[in-house]
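*Asks:* Just passing along the structure, written as structure tokens.
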Amino acid sequence: MQANTDKWVEMKAWLDVSVLRCPNCGRHYVEASWYVVEMESDIECGECSKEFNSKKNALDRALLEFQLDENGKIQNVKISKHLEP
1 MQANTDKWVE
11 MKAWLDVSVL
21 RCPNCGRHYV
31 EASWYVVEME
41 SDIECGECSK
51 EFNSKKNALD
61 RALLEFQLDE
71 NGKIQNVKIS
81 KHLEP
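Sequence positions in the sequence shown follow this note's numbering and run 1 to 85.
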């Protein structure tokens, strides 16, 4: 929390993430959703080296909420809500 004119304000930040799975070997990845949903980018699997479309292989999407201390350091992370992949 941060002092703000005699009030304590909880410091938070959010990140929209998507979970992907390589259709060739099954390895899971987590990427920022803008990269998956908006750009529909292809990525190369680090395990089997096959390229695949991130949006077509998205399994889950969630909004993560980060609780920060007064120095902006992450103290806790939780799933704020699930979104449509």
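Positions of the beta carbon are idealized from the N, C-alpha and C atoms, including for glycine.
Can you list, in chain order, the residues of its chain whose CB lies under 6 Å from that of L15, leaving out five sequence neighbours each side?
*Replies:* L64, listed in sequence order.
*Asks:* Would you mind reading off the limits of the beta strand (DSSP E) that contains V30?
*Replies:* H28 to A32
*Asks:* Quick one: measure Cβ to Cβ for V37 and H28, integer angstroms, because I've assumed they're closer than 8 Å.
*Replies:* Actually they are not in contact, since the Cβ atoms of V37 and H28 sit about 17 Å apart, beyond 8 Å.
*Asks:* Just to confirm before moving on: does the CB-CB distance between D42 and F52 stay below 8 Å?
*Replies:* Yes, the Cβ-Cβ distance between D42 and F52 is below 8 Å.
*Asks:* Could you give the DSSP three-state label for E44: helix, strand or coil?
*Replies:* strand
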